[in-house]
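Numbering (this note's numbering), first residue to last: 2 to 544. What follows is a single structure, written as structure tokens, with notes after it.
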Amino acid sequence: MRPPLLVRGDVDGFFGLFVDNLLQLVLVHVLCTEVCGMEAGFVARTILPGAAVSILLGNLFYAWQARRLMRRTGRDDVTALPYGINTPSLVAYALLVMAPVYRAHAGDGSDPDQAAAAARLAWQAGLFACLGSGLIELAGAFVGDWLRRVTPRAALLAALAGVALTFISMGFVFQLFAAPAIALVPTLLIVFTYAGRLRLPLALPGGLVAVLLGVGLAWGLRALGLEYWTPPAAGVAPGLHLPRPVPGEVLALAASPLGWSFLAVIVPMGLFNVIGSLQNLESAEAGGDRFETRPSLLANAAGTLAAAFLGSPFPTTIYIGHPGWKAMGARAGYSSLNGLVIALLCLSGALTAVQRVVPLEAMLGILLWIGIVITAQAFAAVPGRHALAVAVGLVPALACWALYLVETSLRVAGKGLAESVPALALEGLHVRGMVALSQGFLLSSMLLAAIVAHVVDGALRRAAAWCGAAALLSLLGIVHGFALGPGGVENRFLDLALGPAAPNPAPVFALGYAAAGGLLLLLARRNEGPREPAREDRAPGRS
């Protein structure tokens, strides 16, 4: 068969994925200039072109991969994997790697040359972190199939649903309802057309109509003197900004203790990318599209490495949201179209022009819909008896989201997290528990959901094995390990170089999981075996 290059649903899918990528690029500009001391011209001429190439290459690959699956299976409803800059890594590398380097070397900011040198050093630290993340993703491509085989689907989808429900949906809900004059009607239109599969006049895509409606409301109200939305200030003038290789800058800190001092950030974020990609592949398979694990992860790693060597310190990843794009009718064309448009905006310096015309509030309803669909899929695509495991797996993400809200509120109030913990505990808000659950929350979500899923199935020995994995990861500090310092939450990992004297990051958690695993092994002899199917899992016609 010869799959079409573009179908009507690709237009809706393009708008959703484009908005997501546009949000990341705006965030890149804001964090690099306001937090890491970089000039806007440097971001536009160096970082954004590198990011654009990595996004373009990945989108073209995943579009080709989807078309290849269509030809092999004879289906025309395959949806390409969404792809772009990894938001958690973007924030982590900007705030936990580049910003500390800039603050430590910029002095009081009175010397422009010193500040410029500090910004360059911060950029080099970010490139080194991006390189490390890419290498971890590359290694993960060779163990990804095994991880997918031994991990229950409920464990993979629960962690993904937790991110969708909190960091995607809730943030956008707040932003949308803060600007109801221009955001409410477009958002409801998206919900109506996608949930009800309603047809609009002239067969126009619902996402396109919703965005145009939001733009019309924003500018119409401004014309009436009601400034519910203010266009951002003009940025860098448009011009051709081609990417350039910067291998020397990427490796500048390879022999410096400064670069390696950020392993506590690089390793978890690299693992985060690998696990997140596996979860998204499982989500795509649950929706009917099974893509090969190794090529998908290799392309992911290649995009991140390309970003680093072309000047962007921000890793790329397979995005959350495949079920949402598929429900919109998007196929392969939306991915390649997104890559081409994003590349055009970044290489031409026209990114700020789009921001000055289209309010983000008019486009966020699409992303909210994606988050809702992913959360629903986690319950619908697993056996009914595993809904309990999915619900348990949501808890770590909810804790991480709650911690984010607490930290933001305290920062605005001018207070530190560590000093506020006792007072918050007296009010019944146990922040230390939030922090413990938030550390490595994607992994702890998978661990808890997998344990519960196997217990529900009566596979107690497998559940005990997952308890052992949780104990080991706690011992290493990859999950639950932390310390509260003057700067807030600090990662704490087991330092193997110290041998027996090494401090244990999360001893109680490690012992607790180990004890739970031992208890399951003791119970296995009497209770091992398949459970009686729950009523909702029984075949039709059986009592």
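Yeah, the Cβ is synthetic: ideal placement off N, Cα and C, and Gly gets one too.
- Assigned with DSSP and collapsed to three states, Glu362 falls in helix.
- Here Ile321 carries a coil assignment [DSSP, helix/strand/coil].
- Excluding residues up to 5 positions away in sequence, Val79, Ala81, Ala333 lie with their Cβ nearer than 6 Å to the Cβ of Ala67 in the same chain.
- Here Ala64 is buried. Its C-beta has 16 or more other C-beta atoms within 10 Å.
- When secondary structure is reduced to three states using DSSP, Tyr84 falls in the strand class.
- If you check the CB distance, Gly51 and Gly304 do not come in under 7 Å.
- The three-state secondary structure of Gly288, taken from DSSP, is coil.
- Under the three-state reduction of DSSP output, Gly260 falls in the helix class.
- Each residue's CA atom was taken as its position, placing Ile321 and Gly289 some 16 Å apart.
- Just so you know, the alpha carbons of Pro83 and Leu254 end up roughly 32 Å apart.
- Rounded to whole angstroms, Leu259 and Met99 show a C-alpha spacing of 11 Å.
- Under the three-pair Cβ rule at 8 Å, the segment 474-482 does not count as touching the segment 300-318.
- The beta carbon of Glu250 sits closer than 8 Å to those of Trp124, Gln125, Leu128, Gly312, all from its chain and outside the five residues before and after it, given in chain order.
- According to the DSSP assignment, Val490 belongs to the beta strand (DSSP E) that extends over 489-492.
- Here Phe315 carries a coil assignment [DSSP, helix/strand/coil].
- In the three-state reduction of the DSSP assignment, Phe129 falls in the helix class.
- Here Leu139 is not near Ile276, since their CB atoms are 7 Å or more apart.
- When the Cα atoms are used, Leu218 and Val192 turn out to be separated by approximately 18 Å.
- Out of Leu427, Met435, Ala398, Arg357, the CA that lies nearest to the CA of Ala160 is found in Ala398.
- For Phe175, the uninterrupted alpha helix (DSSP H) run begins and ends at 172-179, by DSSP.
- Within the same chain, Phe310, Leu311 come within 7 Å of Pro246 by CB-CB distance, once the 5 residues on both sides are set aside.
- Burial check for Trp261: the Cβ neighbour count within 10 Å stays below 16, so the residue is exposed.
- Boundaries of the alpha helix (DSSP H) around Phe19: 9-35.
- Remark: C-beta atoms of Ala465 and Leu522 approach each other more closely than 7 Å.
- Within the DSSP bridge table, the entry for Leu485 names Val490 as partners.
- Close CB contacts of Ala287 within its chain, under the 7 Å cut and outside five residues either way in sequence, are with Arg154, Leu158, Gln378, Ala382 (chain order).
- Taking every protein chain shown into account, the CB of Ser90 has 16 or more other CB atoms within 10 angstroms, so this residue is buried.
- Judged by their CB atoms, Ile367 and Gly172 are not nearer to each other than the 7 Å cut-off.
- By the neighbour-count criterion, in which 16 or more other beta carbons inside 10 Å mark a residue as buried, Arg462 falls on the exposed side.
- In this structure Val210 is in contact with Leu190, their Cβ atoms being roughly 7 Å apart against a cut-off of 8 Å.
- Between the segment 443-458 and the segment 392-412 there are three or more inter-stretch CB-CB distances shorter than 8 Å, so the stretches are counted as touching.
- Ile137 and Gly75 have their C-alpha atoms roughly 35 Å apart.
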